[in-house]
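Colleague: Submitted below is the structure of interest, expressed as structure tokens.
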Amino acid sequence: MNKLEKVCAFLDAAKTYYLATTEGDQPRVRPFGTALLYDGKLYIQTGKIKNVSRQIASNPKVEICAFQGGKWLRLAGELANDDSREVKEAMLEKMPGLKGMYSADDGNMQMLAFVHGTATFSSFTEAPETFSF
Ligand SMILES: Cc1cc2nc3c(=O)[nH]c(=O)nc-3n(C[C@H](O)[C@H](O)[C@H](O)COP(=O)(O)O)c2cc1C
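Quick note: the sequence shown uses the numbering used here, first residue -10, plus one each step.
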């Protein structure tokens, strides 16, 4: 498993992570659960009509935090919109529950890829493990 696969597997195992964005000088955070590794890139999914999408459009720098199995992950990075149909279909196949809310052609479903980032795995007992991509 490469390092980005490890990040995606951790988010999958945690099931819920928290995504922080900014709105002007105000941090905003909410629960998220979508994660997909596709073509070597890590994606998350949202709806273009959401405030979170507007916030990422004006400032694509985000941070994610997840906790699972005694370890926590912080992933800071920058997101970019990807409108390719294939990646939307792959997301819907991985998490079929999304099909009740989104489809690849609804003009709302949004896939956001990390163009770069820094991931840190931490625990109370081990030294932090950090890598950038
Ligand atoms: C467990 C859980 C997982 C969620 N996963 C996602 C997700 O992956 N993508 C998404 O757009 N919304 C997801 N949501 C819903 C968002 O948290 C919700 O729409 C939130 O209000 C969006 O942020 P905003 O109000 O700043 O736009 C999830 C909610 C919960 C409770």
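Cβ coordinates follow ideal geometry from the N, Cα and C atoms, glycine included. This one's a predicted model, so the numbers in the text were calculated from it and none came from an experiment.
With a threshold of 6 Å on Cβ separation, who are the neighbours of glutamate 52 within its own chain once the five nearest residues in sequence on each side are excluded?
Modeller: Ala9, Ala65
Colleague: Cβ atoms of glutamine 99 and asparagine 70: under 8 Å apart, would you say?
Modeller: yes
Colleague: Work out the CA separation of glutamate 78 and serine 92 for me, nearest whole Å.
Modeller: Near 8 Å, if we compare the C-alpha coordinates of glutamate 78 and serine 92.
Colleague: Measuring alpha carbon to alpha carbon, tell me which residue in Asp1, Glu12, Trp61, Gly36 is nearest serine 47.
Modeller: Glu12
Colleague: Could you check which residue in Lys37, Lys50, Asp14, Ile38 has the C-alpha nearest to that of histidine 105?
Modeller: Between histidine 105 and the set Lys37, Lys50, Asp14, Ile38, the nearest pair of CA atoms involves Lys50.
Colleague: Please list, in chain order, all residues of the same chain as leucine 62 whose beta carbon is under 6 Å from its beta carbon, the five residues on each side excluded.
Modeller: Phe(-1), Ala55, Phe110
Colleague: Using DSSP's beta-bridge definition, name the partner residues of tyrosine 32.
Modeller: Leu25, Ala102
Colleague: With DSSP as the reference, label alanine 3 as helix, strand or coil.
Modeller: DSSP places alanine 3 in helix when its eight states are reduced to three.
Colleague: Considering only C-alpha positions, which residue in the set Leu25, Glu(-6), Asp14, Asp72 is nearest to proline 85?
Modeller: Leu25
Colleague: With a cut-off of 6 Å, give the chain-ordered residues whose Cβ is closer than this to any heavy atom of ligand 1.
Modeller: Thr5, Arg17, Arg19, Pro20, Phe21, Gly22, Thr23, Gln34, Thr35, Gly36, Lys39, Asn40, Val41
Colleague: Quick check on DSSP: helix, strand or coil for glutamate 75?
Modeller: Under the three-state reduction of DSSP output, glutamate 75 falls in the helix class.
Colleague: Does the separation of the CB atoms of alanine 102 and leucine 31 fall below 8 Å?
Modeller: yes
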